[in-house]
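Residue numbers (the numbering used here): 128 to 297. Quick reminder that beta carbons are idealized off the backbone N, C-alpha and C, glycines included. One structure is given here, and the rest of the page talks about it.
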């Protein structure tokens, strides 16, 4: 018996394992088949109000409802469970600012990990390095991951992958 192939819309983008909701929706909005420049436009199209702009900044109070996740999921081609994986588990507190980064992880796979924003996260468990909260070259704080189009500092344009040499061991 043949299994039916899942039909995805042309704008479908596969989430990366552990990817933050902010980074995912930034990638989604920049996709060539989407052409949506603001989170508000996407939220409005899904009929969920301006919540996506809050989610991209990790402002999850109130926490996204199942109805909101289903509405945005229907629009972008993901199910609510897939979107929920880009949100913190119940009870995990988020560090809204500063945005944090493991440059060594980013060099391996260029996307923002949700766990980097957990208050309980001290550093990168894979590389045993402290997370960066600003560019080590110019000291500019990192922009929200939705805006990480080129994977570089917004001020001095240093690539995130080049920052791994500046991370300290923990």
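(message) Nearer than 7 Å: is that true of the beta carbon of residue 147 relative to any heavy atom of the ligand NAP?
(response) Of ligands this structure carries none, so the ligand NAP is not represented either.
(message) Once the 5 residues before and after residue 246 are set aside, which same chain residues still bring their CB inside 6 Å of it?
(response) Taking the first residue of the chain shown as position 1, residue 246 is located at position 119. 220 and 222.
(request) May I have the straight-line CA-CA distance separating residue 265 from residue 290, to the nearest angstrom? (result) Indexing the chain shown from 1 puts residue 265 at position 138. Indexing the chain shown from 1 puts residue 290 at position 163. Straight-line Cα distance between these residues: approximately 11 Å.
(message) Can you confirm whether the segment 142-156 touches the segment 225-239 when touching is taken to mean that 3 or more C-beta pairs between the two stretches lie within less than 8 Å?
(response) yes
(request) Check whether the Cβ atoms of residue 268 and residue 294 lie closer than 8 Å to each other. (result) Here the question's residue 268 lines up with position 141 in the chain shown. Here the question's residue 294 lines up with position 167 in the chain shown. Going by C-beta atoms, residue 268 is not nearer than 8 Å to residue 294.
(message) Could you check whether residue 254 and residue 232 sit closer than 8 Å to each other, using their CB atoms as the reference points?
(response) Position 105 of the chain shown, counted from the start, is the residue given in the question as residue 232. Position 127 of the chain shown, counted from the start, is the residue given in the question as residue 254. In contact: residue 232 and residue 254 (Cβ atoms closer than 8 Å).
(request) Can you say whether residue 287 is buried or exposed, counting buried as having 16 or more other CB atoms within 10 angstroms of its CB? (result) Your numbering for residue 287 matches position 160 in the chain shown. The residue is buried, with at least 16 neighbouring Cβ atoms inside 10 Å.
(message) Please tell me whether residue 273 and residue 150 are closer than 8 Å, where the distance is taken between their beta carbons.
(response) In the chain shown, residue 273 corresponds to position 146, counting from 1. In the chain shown, residue 150 corresponds to position 23, counting from 1. A contact, by the Cβ cut-off of 8 Å.
(request) Give me whichever residues DSSP pairs with residue 245 in a beta bridge. (result) Locating residue 245 in the chain shown gives position 118, counting from the first residue. For residue 245, which the question treats as bridged, DSSP gives the partners 221.
(message) Taking the straight line between their C-alpha atoms, what separation do you get for residue 128 and residue 134?
(response) What you label residue 128 is simply residue 1 of the chain shown in a count that begins at 1. What you label residue 134 is simply residue 7 of the chain shown in a count that begins at 1. Reliability of the predicted coordinates at residue 128 is poor, the pLDDT of 46 falling under 50, and the value obtained from them is presented with this limitation in mind. Near 18 Å, if we compare the C-alpha coordinates of residue 134 and residue 128.
(message) Can you give me the C-alpha to C-alpha distance between residue 186 and residue 179, rounded to a whole angstrom?
(response) Translated into the one-based positions of the chain shown, residue 186 becomes position 59. Translated into the one-based positions of the chain shown, residue 179 becomes position 52. For residue 186 and residue 179, the distance between alpha carbons rounds to 9 Å.
(request) Report the rounded CA-to-CA distance for residue 171 versus residue 262, giving the unit in angstroms. (result) As a first step, residue 171 must be located in the chain shown, where it is residue number 44. As a first step, residue 262 must be located in the chain shown, where it is residue number 135. When rounded, the distance between both Cα atoms is 34 Å.
(message) Helix, strand or coil for residue 276? Go by DSSP, reduced to three states.
(response) Here residue 276 refers to the residue found at position 149 of the chain shown. Residue state, collapsed to three classes: coil.
(request) With distances taken Cα to Cα, identify the nearest neighbour of residue 203 among 188, 167, 155 and 213. (result) Here residue 203 is taken as the residue at index 76 of the chain shown, counted from 1. Of the listed residues, the one whose Cα sits closest to residue 203 is 155.
(request) Helix, strand or coil for residue 128, going by three-state DSSP, please let me know. (result) Here residue 128 corresponds to residue number 1 of the chain shown, with the count starting at 1. The predicted model places residue 128 with a pLDDT of 46, which falls under 50 and marks its position as unreliable; any figure quoted below should be read in that light. Here residue 128 sits in coil by DSSP.
(request) Alpha carbon to alpha carbon, how far is residue 181 from residue 137? Give it in angstroms, no decimals. (result) Counted from its first residue, the chain shown places residue 137 at position 10. Counted from its first residue, the chain shown places residue 181 at position 54. Looking at the two C-alpha atoms, the distance is approximately 26 Å.
(message) I'd like the span of the alpha helix (DSSP H) that includes residue 233, first residue to last.
(response) Here residue 233 is taken as the residue at index 106 of the chain shown, counted from 1. That run of the alpha helix (DSSP H) goes 230-235.
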